[in-house]
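In what follows, a single structure is set out as structure tokens and then discussed.
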Amino acid sequence: MTAEEWQIVWFTAWVSALSTLLILPVGLAAAWLLARRDWPGKSLVQTVVMMPLVMPPVATGLILLKLLGRRGPLGRFLHETLDLDVIFTWRGVLIALGVMSFPLLVLSARIAFEQVNPRFEQIARTLGAGEARVFFTITLPLAWRGILGGMTLAFARALGEFGATIMVAGNIPGRTSTLSLSIFQHVQLGQDAQAYRLLGVSVALAFLAVWTSECLLLRPRR
Amino acid sequence: MNGTSIYPIHPIHPIPTVNLLLKNISLPLADFSIEVDVELQSQVTAIFGPSGSGKTSLLDLIAGLRRPASAFIQLDSRVLTNTAEETFVPPRLREMGYVPQDLALFPHLSVRQNLLYGQKSESRASPLFSFGHITGVLEIQPLARRRVTDLSGGERQRVALARALLTSPRLLLLDEPLRSLDEALKAKIIPYLHRVRDEFKLPMLYVTHDRQEVLALCDEVLELKRGRITKRTRANARDWPIMNNEP
């Protein structure tokens, strides 16, 4: 492994982990609202949340490119007020990964919340707990396995993301190159040895992520 | 709209221990609606009826876990629900100890953590409702470090009862507390319920479909059928003869 390859591995791992952490609060809030509350437009929001999962990733990437480019509504705002550029930077990678893995997190967390018996929450209220306390002491602890599973899926999805990332961030060596993008490029250039090395690392990372969560999810013996 | 009880308000005890007004209650359920209009003053009132008669929904309504179409609910001097004026005290402020049918002991917490979940700080609670006193009366101190999933049926009942009592409630709502227990265990738990009744002097609504339990514990019986009170009597052997237990 060359220094450049290590840089790619390290970048992919931390940007995937960071995107999973960043979407966690929003994802949990969305999942809870979808699982526990009825409100107008709920089915519509649910559908929109799921879109990145069912659309071609490249199409999602194109939408992000148009939104976040300097001439796009969000991109112009970020550039003019905060002097931040997103397209072709690591921030673009982060956003692409977050958007692409968001549905998996919400889907898992929603199911996890729905599986918590609402009776526990109701009785907690009769015991004097307000809504925040009910959520943090009852709902969240009882749903954490499903949420952790959702985070693993989201992280794994981010590790392997290709289509949206290449649209938003390109494949700039040392700046936005991720494992998937580099593997593709090496194969294109006939550099099989490099491609296989990165392939090995991808397999190891994915294996570690899933295995870690499986170990955490194993019910403790009693 | 109007409650359909044809029974006039008739306090059974000369000195009421509680005054629970359930006026003009209307709560639509899937098959029928609960229509109740009653004033309760007995210490232990049984709500008796077959399954599916709306007993649990009535308790949920009183605890504030369900929103009625219309209702005026007042416990002693405090109005808890008044749909006419859009008054609705949330469940956490109602000061009711609710022991639901499935007990709802929090499975991820220890017995001790369950017990302390709703405890009033010792300074605000009277010594009567202190941790030591309640766990002593119900004989559950030795269980404190256990996991709730390791408890036997009778132990679970007592822990759920203690957890409700530790909130220093003004009213205890018990939903078929002996339902899942066999006869031998029932006989063991009933004395604890007696103790709670006599020691804490708390008013209780006791949902059941077992006539023996009514006689053993309650002062008065409301019979509920399809959401309506069809009969109201004292709970003694003369007024409430033990017949074949209803299915």
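Line by line, the protein sequences are chains X and F. Using our numbering, the first residue of the first sequence is number 228, and each one after it goes up by one. Using our numbering, the first residue of the second sequence is number 27, and each one after it goes up by one. Just so you know, even glycine gets a beta-carbon here, dropped at the ideal spot from N, CA and C. Here the structure is a predicted model, which is why all the values come from computation and not from measurement.
When the Cα of residue i is compared with those of the options, which residue comes out closest?
i              : options                        : result
residue 233(X) : 421(X), 249(X), 329(X), 439(X) : 421(X)
residue 343(X) : 354(X), 364(X), 353(X)         : 364(X)
residue 188(F) : 92(F), 173(F), 164(F)          : 164(F)
residue 260(X) : 320(X), 366(X), 396(X), 279(X) : 366(X)
residue 153(F) : 253(F), 143(F), 256(F), 226(F) : 226(F)
residue 291(X) : 322(X), 356(X), 401(X)         : 322(X)
residue 257(F) : 44(F), 53(F), 62(F)            : 62(F)
residue 443(X) : 372(X), 354(X), 413(X)         : 372(X)
residue 60(F)  : 259(F), 252(F), 265(F), 214(F) : 252(F)
residue 145(F) : 118(F), 171(F), 133(F)         : 118(F)
residue 285(X) : 393(X), 427(X), 370(X), 445(X) : 393(X)
residue 354(X) : 82(F), 132(F), 43(F)           : 132(F)
residue 82(F)  : 248(F), 261(F), 202(F)         : 202(F)
residue 287(X) : 312(X), 320(X), 271(X), 405(X) : 320(X)
residue 382(X) : 236(X), 237(X), 248(X), 235(X) : 248(X)
residue 136(F) : 159(F), 109(F), 171(F), 48(F)  : 171(F)
How big is the Cα-Cα spacing for residue i and residue j?
i              : j              : result
residue 403(X) : residue 314(X) : 10 Å
residue 96(F)  : residue 276(X) : 38 Å
residue 318(X) : residue 114(F) : 48 Å
residue 205(F) : residue 78(F)  : 15 Å
residue 67(F)  : residue 116(F) : 23 Å
residue 93(F)  : residue 106(F) : 12 Å
residue 441(X) : residue 324(X) : 23 Å
residue 271(F) : residue 239(F) : Caution is warranted here: a pLDDT of 48 is assigned to residue 271(F), below 50, making its placement in the model unreliable, and the coordinate value is therefore given only provisionally. Looking at the two C-alpha atoms, the distance is approximately 11 Å.
residue 195(F) : residue 179(F) : 24 Å
residue 230(X) : residue 415(X) : 21 Å
residue 56(F)  : residue 186(F) : 29 Å
residue 289(X) : residue 80(F)  : 56 Å
residue 434(X) : residue 309(X) : 39 Å
residue 98(F)  : residue 235(F) : 26 Å
Since residue i and residue j are thought to touch, with beta carbons under 8 Å apart, how far apart are those beta carbons, to the nearest angstrom?
i              : j              : result
residue 336(X) : residue 436(X) : Residue 336(X) to residue 436(X), Cβ: 17 Å. No contact.
residue 385(X) : residue 316(X) : Not quite, the Cβ-Cβ distance comes to about 17 Å (not below 8 Å), so this is no contact.
residue 229(F) : residue 197(F) : 5 Å
residue 46(F)  : residue 85(F)  : Wrong, their Cβ atoms sit about 12 Å apart, outside the cutoff.
residue 232(F) : residue 191(F) : Actually they do not touch by this definition, with Cβ atoms about 15 Å apart.
residue 262(X) : residue 341(X) : 5 Å
residue 223(F) : residue 70(F)  : 6 Å
residue 240(X) : residue 432(X) : 6 Å
residue 53(F)  : residue 91(F)  : Not quite, the Cβ-Cβ distance comes to about 11 Å (not below 8 Å), so this is no contact.
Would you call residue i buried or exposed, if buried means 16 or more other Cβ atoms sit within 10 Å of its Cβ?
i              : result
residue 330(X) : buried
residue 438(X) : exposed
residue 263(F) : exposed
residue 250(X) : buried
residue 182(F) : buried
residue 220(F) : exposed
residue 161(F) : buried
residue 143(F) : buried
residue 261(F) : buried
residue 210(F) : exposed
residue 279(X) : buried
residue 388(X) : buried
residue 302(X) : buried
residue 31(F)  : Confidence at residue 31(F) is low in this model, with a pLDDT of 47, below 50, so its placement is unreliable and the value that follows should be read with caution. That one is buried.
residue 266(F) : buried
residue 374(X) : buried
Check whether the region 235-246 of chain F and the region 68-75 of chain F are in contact - that is, three or more C-beta pairs closer than 8 Å.
yes
Are there three or more Cβ pairs, one per stretch, closer than 8 Å when the region 297-307 of chain X is compared with the region 373-388 of chain X?
no
Inter-stretch contact at 8 Å, needing at least 3 Cβ pairs: the region 123-130 of chain F / the region 349-364 of chain X
yes
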